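For the record, in the sequence shown the residue sitting at position 230 is 254 according to this note's numbering, with numbers rising by one throughout.
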Amino acid sequence: MQSLALIENWPVPSAAAGVVRTDGTVVATHGSMTQRFPLASVTKPLTAYAALVAYEEGAVELDEPAGPEGSTVRHLLAHTSGLAFDEHRVTAPPGTRRLYSNAGFEVLGDHIAKATDIPFAEYLRQAVLEPLGMTSTSLEGSPAKDGVSTVSDLLLFAAEVQAPRLLDPRTVLEAMSVVHPGLSGILPGYGHQKPNDWGLGFEIRDSKSPHWTGSSSSPRTFGHFGQSGTFLWIDPDAGAACVALTDRAFGPWAAEVWPPFTDAVLAELRGMGR
Numbered sequence: 025m026q027s028l029a030l031i032e033n034w035p036v037p038s039a040a041a042g043v044v045r046t047d048g049t050v051v052a053t054h055g056s057m058t059q060r061f062p063l064a065s066v067t068k069p070l071t072a073y074a075a076l077v078a079y080e081e082g083a084v085e086l087d088e089p090a091g092p093e094g095s096t097v098r099h100l101l102a103h104t105s106g107l108a109f110d111e112h113r114v115t116a117p118p119g120t121r122r123l124y125s126n127a128g129f130e131v132l133g134d135h136i137a138k139a140t141d142i143p144f145a146e147y148l149r150q151a152v153l154e155p156l157g158m159t160s161t162s163l164e165g166s167p168a169k170d171g172v173s174t175v176s177d178l179l180l181f182a183a184e185v186q187a188p189r190l191l192d193p194r195t196v197l198e199a200m201s202v203v204h205p206g207l208s209g210i211l212p213g214y215g216h217q218k219p220n221d222w223g224l225g226f227e228i229r230d231s232k233s234p235h236w237t238g239s240s241s242s243p244r245t246f247g248h249f250g251q252s253g254t255f256l257w258i259d260p261d262a263g264a265a266c267v268a269l270t271d272r273a274f275g276p277w278a279a280e281v282w283p284p285f286t287d288a289v290l291a292e293l294r295g296m297g298r
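See the structure below:
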C-alpha cells in the first residue's frame, strides 16, 4: 500500500506501520516489523483484553467492586471509576463522569492479580500474548502504559479483536460499544469531547472532533493512541485495522499527520475492495 509509505515523511527517528483485515490477512506493512517500541497507552487495549479473558474464565465479574467508592471492573475499563488521571485519588462518584485514568487501569491490574493469584504482567502473557504468538510483547510496569511491542505483534492482536478466538465475539462487541452513553470528558491531547464515548478499554470514535483518526473513519472505529507516538485503530466498516508505532512522543506533529494518513489508508482499502 502506497499510503503506508507516508510514514517516511513523519518527523520521527523511526516509524513502522501495518494493516490487517478482518480475516487476519496482513494487507501491507512498512518499516521494521520487529523493532520494539514503547506503547504508552496503547497498552490499555491489551490490558483490557486480558481483563475480559479473566471475566470469561470466571475470575472476575464486570460489575463486581474493584476500585474505590464501589467502582466496578466495568467502571475501571470505561474510565468512569472517578479516579484521577495519574493519582489514586477519587474526584467523582462512579459512573458520573468520563475521567481518563491511568490510575484506574493500575487498580484494575491489581484487582485481576489478586483474583487470579498471578502477577498481572504474567497473567497478560498467559491469557493474551502467548496464545496469539505475541512473543515480542511484554508489560514492563504499569498496566496503563508500560507495554512494549512490535507492529508484527500488534497486527496479531488487531486480527484477534476483529475475529475473536480468545473471547466470545459477544464480549468483544460489548467492549466496542459505548459504556455509560452521553458522558463528556477530556480526550488527552484533543481537549473536551461531548460526548466522550468509550467502550471497555477501547476509545470509540463516534463523531468526535478533533480526533486522531481520519475524517473518513467510520463512527464505529475504535482503538487507542499512546503518548509515545503510537496508535491502533480498528474500523469495522472498512473491515480492517491499522497499527503505527514511532519513537517520538505525541505532540502537534502527530495531530497533523495521523488523520490524513488514516484517510489515505482507508481510501486505498476502498480502492482494493474487500
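Backbone N, C-alpha and C fix where the C-beta goes; we use that ideal spot for every residue, glycine too. Just so it is clear, the structure is predicted and the values come from calculations on it, not from any experiment.
Per DSSP, which one or two residues make a beta bridge with P89?
-> T96
Using 8 Å as the Cβ pair cut-off and three pairs as the minimum, do the segment 165 to 183 and the segment 252 to 268 touch?
-> yes
Should the segment 246 to 257 be regarded as contacting the segment 58 to 69, the criterion being three or more beta carbon pairs within less than 8 Å?
-> yes
Through-space distance from E184 to Q150, alpha-carbon basis = 15 Å
Taking only the alpha-carbon atoms, compute the straight-line gap between G55 and T270 and give it to the nearest angstrom.
-> 10 Å
Just mark D230 as buried or exposed, buried being the case when its beta carbon has 16 or more other beta carbons within 10 Å.
-> buried
Would F109 pass as a contact of A127 if the rule is Cβ separation under 9 Å?
-> yes
Inter-residue Cα distance where the pair is A188 and V196 = Ala is not the amino acid found at residue 188; the sequence shown has Pro there. Straight-line Cα distance between these residues: approximately 7 Å.
Entirely enclosed alpha helix (DSSP H) segments - the segment 110 to 187, minimum 4 residues | 126 to 140, 144 to 148, 175 to 186
From D261 to R194, what does the alpha carbon distance come to, in whole angstroms?
-> 18 Å
Let me know if N220 comes out buried or exposed under the rule of 16 or more other beta-carbons within 10 Å of its beta-carbon.
-> buried
Taking Cβ positions, are G213 and F285 nearer each other than 9 Å?
-> no
What separation, rounded to the nearest whole angstrom, lies between the Cα atoms of A40 and L256?
-> 12 Å
Alpha carbon to alpha carbon, how far is G204 from G119?
-> Reading off the sequence shown, one finds His at residue 204, where the question assumed Gly. Each residue's alpha carbon lies about 7 Å from the other.
Sub-9 Å separation of L123 and L101 beta-carbons = no
Three-way DSSP call (helix, strand, coil) for L224 in this model = coil
Output yes or no for whether 9 Å exceeds the beta carbon distance between K68 and H248.
-> yes
R194 - DSSP class collapsed to helix/strand/coil | helix
Drop a sphere of 10 angstroms on the beta-carbon of K232, count the other beta-carbons inside from all chains shown, and report buried for 16 or more, exposed for fewer.
-> buried
Is it the case that the Cβ atoms of V44 and V36 are separated by a distance below 9 Å?
-> no
Comparing alpha-carbon positions, which option in P234, A199, E198, L191 lies nearest I210?
-> P234
Nearest to V236 by CA position, among Q217, G171, G225, is which residue?
-> In the sequence on display, residue 236 carries Trp and not Val. The residue with the shortest Cα to Cα distance from W236 is Q217.
Which residue from V281, G297, E292 puts its Cα closest to that of N33?
-> V281
Go ahead and label S239 buried or exposed: buried means 16 or more other beta carbons lie within 10 angstroms of its beta carbon, across all protein chains shown.
-> exposed
Can the beta-carbon of F129 be found closer than 9 Å to that of A168?
-> yes
How far does the alpha helix (DSSP H) with G295 in it reach, from first residue to last?
-> 276 to 296
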